[in-house]
Amino acid sequence: MSALTATIVLPPVARSVPAARRLLGELLTAWAAERFQGEATLLLSELVTNVIRHVEGPANLTLRIDLAGPDLRVCVADSSRSRPTPTAGAGSGGGYGLSLVSALARRWGTEDHPDGKQVWFELGAVGGP
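Each residue of the sequence shown is one higher than the last, beginning at 490 in this note's numbering.
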């Protein structure tokens, strides 16, 4: 099976969360990869929400979804160079997103790119959902 890729640029506003989920669902259905639907939708929602909450200034977020064989990789890029860190805890008012990503994804991480950073996760057959 060859790799399938989709990329979309969204504004960092609340309505981008359901738009990103909708796009992911449509792609997974078109690519016959519905097995990733639950975990991927939850983790994507967390990453897009993090951009909306934490990235300052006028910037877009770029969503890239790749399916290569049994593996799904989702990247959310933004203009901030600040790396996210898990901060969940009592009284934190949230912060569970990266903890969920760490718990559910086979692998995840952050990478610098010329205009900021990207946070990504992978789901797949080996050692993960």
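Ideal placement from N, C-alpha and C gives every residue a C-beta, glycine not left out.
Element boundaries [alpha helix (DSSP H), containing residue i]
i       : result
Gly-514 : 505-519
Arg-524 : Note, Arg-524: premise wrong, no alpha helix (DSSP H); not H, not E.
Between the CA atoms of residue j and residue i - distance to the nearest angstrom
i       : j       : result
Gly-598 : Ala-519 : 27 Å
Gly-613 : Gly-558 : 9 Å
Gln-526 : Gly-514 : 7 Å
Leu-493 : Glu-523 : 14 Å
Leu-593 : Gly-546 : 30 Å
Arg-542 : Thr-496 : 22 Å
Val-586 : Val-544 : Note that residue 586 is Gly in the sequence shown, not Val. Gly-586 and Val-544: Cα-Cα distance of roughly 15 Å.
Boundaries (first-last residue) of the beta strand (DSSP E) holding residue i
i       : result
Gly-605 : 605-612
Arg-498 : In the sequence under discussion, the amino acid at residue 498 is Val, which differs from the Arg named in the question. Segment 493-499, the beta strand (DSSP E) holding Val-498.
Gly-621 : Lying outside 490 to 618, the shown extent of the chain, residue 621 is not represented and no answer is given.
Expected contact under 8 Å - CB spacing of residue i and residue j to nearest Å
i       : j       : result
Ala-529 : Leu-517 : 7 Å
Gln-607 : Val-565 : 6 Å
Leu-552 : Ala-509 : 6 Å
Residue i burial status per 10 Å Cβ neighbour count (16 or more: buried)
i       : result
Pro-501 : buried
Val-498 : exposed
Ala-579 : Note that Ala-579 scores 46 on pLDDT, short of 50, meaning its location in the model is unreliable; the coordinates nonetheless yield the value given after this. Label assigned to Ala-579: exposed.
Ser-591 : exposed
Glu-535 : buried
Ser-571 : exposed
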